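Just below is one structure, and these are the notes that go with it.
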Amino acid sequence: GQQVMQIPQYQHVQEGEDFTTYCNSSTTLSNIQWYKQRPGGHPVFLIQLVKSGEVKKQKRLTFQFGEAKKNSSLHITATQTTDVGTYFCAGPPGSARQLTFGSGTQLTVLP
Amino acid sequence: KAGVTQTPRYLIKTRGQQVTLSCSPISGHRSVSWYQQTPGQGLQFLFEYFSETQRNKGNFPGRFSGRQFSNSRSEMNVSTLELGDSALYLCASSLVGQSSGANVLTFGAGSRLTVL
């Protein structure tokens, strides 16, 4: 079936190190969204990318959408303890209309 | 404005019982989607309602059902509960339906269901 895969599943970094999570879809995505879920919390929308090759920045976070619109990445520069949580990508793959979420990357930042 | 409100936040049921969860979307949002979140399966789409009509349905058995009222509030029901139904059930609302490119979801805090 249509899947959205994310790697890595877990990532532990020292505070100040960079972090990247990757999202890959088996089919073309009309758009890609990123959400963050803090421990014990619920997913919160971060950003949406629509155009092929699009790059957007939010302070220390950089989001990219691949040229083929099948992959995306989230890069955090100089992580802080407030970045702790699980990052999900989500998109409507292929002809699907509902958002399919990736498996998520759980980020731990060690002080 | 108020966010997405889900009730109850926590509940414990036994196998074979049924449960009804409620979701009040952000005022003006007409689409309500339900997701099941478990450690092993991640966020799995259950169904979406828009203007009181079910628009999309995920790959869940018929024991999982839902509905939406004229005020956009939504309920989901799980009958004949199984141990594997233990999960965090998340409701998300959006201004337009998920078929639109502007389908950004605002999630509620979730209802954590434990089935014993």
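Same order as they appear, the protein sequences are chains S and W.
Take the first sequence: its letter number 46 is residue 76 in the numbering used here, and every next letter is one higher.
Take the second sequence: its letter number 20 is residue 213 in the numbering used here, and every next letter is one higher.
Ideal Cβ placement from N, Cα and C applies to all residues, glycine included.
Quick caveat: nothing in here was measured; it's all calculated off a predicted structure.
With DSSP as the reference, label residue i as helix, strand or coil.
i: W:Gly259; result: strand
i: W:Gly173; result: Coverage of chain W is limited to positions 194 through 309, which leaves residue 173 of chain W absent and any answer about it impossible.
i: S:Thr57; result: coil
i: S:Thr112; result: helix
i: W:Ile219; result: coil
i: W:Glu268; result: strand
i: S:Ala120; result: strand
i: W:Thr316; result: In this structure chain W extends from 194 to 309, so residue 316 of chain W is not present and cannot be described.
i: W:Ala285; result: strand
i: W:Gln230; result: strand
i: S:Arg127; result: coil
i: W:Arg248; result: strand
Please confirm if residue i has its CB atom under 9 Å from at least one CB of chain S.
i: W:Thr273; result: no
i: W:Glu268; result: no
What in chain W is Cβ-close to residue i, meaning under 9 Å?
i: S:Thr58; result: None at all; the shortest Cβ gap to chain W is about 14 Å.
Where do the N-terminal and C-terminal ends of the beta strand (DSSP E) with residue i fall, by residue?
i: W:Lys206; result: Tyr203 to Lys206
i: S:His12; result: Residue coverage of chain S in this structure runs from 31 to 141, which leaves residue 12 of chain S outside it and unanswerable.
i: W:Leu306; result: Ser304 to Val308
i: S:Thr107; result: Taken as a continuous stretch (DSSP letters only), S:Thr107 belongs to no beta strand (DSSP E), as it is neither H nor E.
i: S:Lys66; result: Ile62 to Gln67
Show which residues of chain C have a CB atom less than 8 Å away from the CB atom of residue i.
i: S:Thr130; result: In summary, chain C is missing from the structure at hand, where the protein chains are S and W.
Does any residue of chain W have a CB that is nearer than 9 Å to the CB of residue i?
i: S:Pro123; result: no
i: S:Arg127; result: yes
i: S:Ala120; result: yes
What does residue i reach in chain W if we use C-beta pairs closer than 7 Å?
i: S:His72; result: Leu283, Phe300, Gly301, Ala302 and Gly303
Is the closest heavy atom of the ligand GTP to the C-beta of residue i under 8 Å?
i: S:Phe95; result: This structure lacks the ligand GTP; in fact it carries no ligand of any kind.
Give me the chain S residues within the contact set of residue i, using Cβ-Cβ distance strictly less than 7 Å, ordered along the chain.
i: W:Glu245; result: Simply none; closest approach about 18 Å.
i: W:Asn249; result: Arg127 and Gln128
For residue i, which residues in chain S fall below 9 Å Cβ to Cβ?
i: W:Val297; result: Gln63, Phe75 and Gln78
Since residue i meets chain W, which of its residues come closer than 8 Å, beta carbon to beta carbon?
i: S:Ser133; result: Gly235
For this session: Check distances from the C-beta atoms of the segment 212-229 of chain W to those of chain S and list, in chain order, the residues that come in under 8 Å.
Result: Taken in chain order, the members of the segment 212-229 of chain W whose beta-carbon sits within less than 8 Å of a beta-carbon on chain S are Ser226 and Tyr228.
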